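Asks: So the sequence lines, in the order shown, correspond to chains S and Z. Start counting the first sequence at 2; every next residue gets the next number (our numbering). Start counting the second sequence at 400; every next residue gets the next number (our numbering). Beta carbons are placed, not taken as given, at the ideal position from N, Cα and C, and that holds for glycine. A quick note: this is a predicted structure, and the numbers were derived from the prediction, not measured. Have a look at this one before I ask anything.
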Amino acid sequence: QQPVQSPQAVILREGEDAVINCSSSKALYSVHWYRQKHGEAPVFLMILLKGGEQKGHDKISASFNEKKQQSSLYLTASQLSYSGTYFCGTVEDNDMRFGAGTRLTVKP
Amino acid sequence: DTEVTQTPKHLVMGMTNKKSLKCEQHMGHRAMYWYKQKAKKPPELMFVYSYEKLSINESVPSRFSPECPNSSLLNLHLHALQPEDSALYLCASSQVDGSYNEQFFGPGTRLTVL
Chain S
2 QQPVQSPQAV
12 ILREGEDAVI
22 NCSSSKALYS
32 VHWYRQKHGE
42 APVFLMILLK
52 GGEQKGHDKI
62 SASFNEKKQQ
72 SSLYLTASQL
82 SYSGTYFCGT
92 VEDNDMRFGA
102 GTRLTVKP
Chain Z
400 DTEVTQTPKH
410 LVMGMTNKKS
420 LKCEQHMGHR
430 AMYWYKQKAK
440 KPPELMFVYS
450 YEKLSINESV
460 PSRFSPECPN
470 SSLLNLHLHA
480 LQPEDSALYL
490 CASSQVDGSY
500 NEQFFGPGTR
510 LTVL
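Take a look at the structure:
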């Protein structure tokens, strides 16, 4: 079952923050976050495995709620390099389902 | 080496042609994947190989035929494709339990069917 992502698109100025949400109607084994720049392959950002988990690196972090039905990706003090399309994904038995994606544009 | 390579980068073929896409990784991953991605859409899973055996086939038409000759290589054989099959074809690999491991994606093959 494909997770639901929101918003569809975000436009930011450099230094602003953004939140991208990913939800499912049932509990997930895990949630994966990827970023894809135009014309390039998706690049892994992070995986969350446990309910209540929070993790991050640099100024990008993510959370997974206790029921494991919702995850949020937080981008703080955005940089131009953060522009791209962000996908969340859920995997069951190696069957990966991506959300529809959130197109993030960071402007100077 | 944390790279997945794909060849060719671009492919243009007619509806009667037979062609193959190739993917290679040397990270020791035993799960390999083919995805299809249309413009402004997420990647859609087509096939999964686990330990060189086909474990997932997402009801893909038979004009797409995957092959995993060994643990490092993955091919996608194409025959009698339709114009709507034009897309970016992505290969990926991971440790076997994909639920808990990241997938490494290759740069993709951009396919145009005339």
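Look at the Cβ atom of V100 of chain S, then the Cβ atom of Y35 of chain S, and state whether they are nearer than 8 Å.
Replies: First, the residue type needs correcting, since residue 100 of chain S is Gly and not Val in the sequence shown. No, Cβ-Cβ distance for G100 of chain S and Y35 of chain S is not below 8 Å.
Asks: Pick helix, strand or coil for Y83 of chain S, following the three-state DSSP scheme.
Replies: Correct three-state label for Y83 of chain S: helix.
Asks: Chain Z beta carbons: is any one of them nearer than 8 Å to that of Y87 of chain S?
Replies: Chain Z, which has no Cβ nearer than 8 Å to the Cβ of Y87 of chain S, makes this no.
Asks: Which whole-angstrom value describes the C-beta separation of S73 of chain S and V20 of chain S, a residue pair presumed to lie in contact below a C-beta threshold of 8 Å?
Replies: Between V20 of chain S and S73 of chain S the Cβ distance is about 6 Å, and since that is below 8 Å, they are a contact.
Asks: For the 8 Å Cβ check, are there 3 or more pairs between the region 491-508 of chain Z and the region 41-57 of chain S?
Replies: Touching, per the Cβ criterion.
Asks: As a quick exercise: from S:Q55, S:S79, S:G53, S:T103, pick the residue whose alpha carbon is nearest that of L13 of chain S.
Replies: Nearest of S:Q55, S:S79, S:G53, S:T103 to L13 of chain S, Cα basis: S:S79.
Asks: Check whether the Cβ of S31 of chain S lies closer than 8 Å to any Cβ atom in chain Z.
Replies: Yes, because at least one Cβ of chain Z sits closer than 8 Å to the Cβ of S31 of chain S.
Asks: Indicate whether at least one CB of chain Z lies closer than 8 Å to the CB of V92 of chain S.
Replies: Answer yes: the Cβ-Cβ gap between V92 of chain S and chain Z drops below 8 Å somewhere.
Asks: Whole angstroms is fine: what's the gap from P460 of chain Z's alpha carbon to S62 of chain S's?
Replies: Spanning the two alpha carbons is a distance of roughly 39 Å.
Asks: Measure the CB-CB distance between N95 of chain S and A430 of chain Z and report whether it falls below 8 Å.
Replies: In contact: N95 of chain S and A430 of chain Z (Cβ atoms closer than 8 Å).
Asks: Just how far apart, CA to CA, sit P4 of chain S and I48 of chain S?
Replies: If you take the alpha carbons of P4 of chain S and I48 of chain S, they lie about 15 Å apart.
Asks: My output table needs one value for P407 of chain Z: the three-state DSSP class, helix, strand or coil.
Replies: In this structure, P407 of chain Z counts as coil in the three-state DSSP scheme.
Asks: Does any C-beta atom of chain Z lie closer than 8 Å to the C-beta of D96 of chain S?
Replies: Output row for D96 of chain S: interface = yes.
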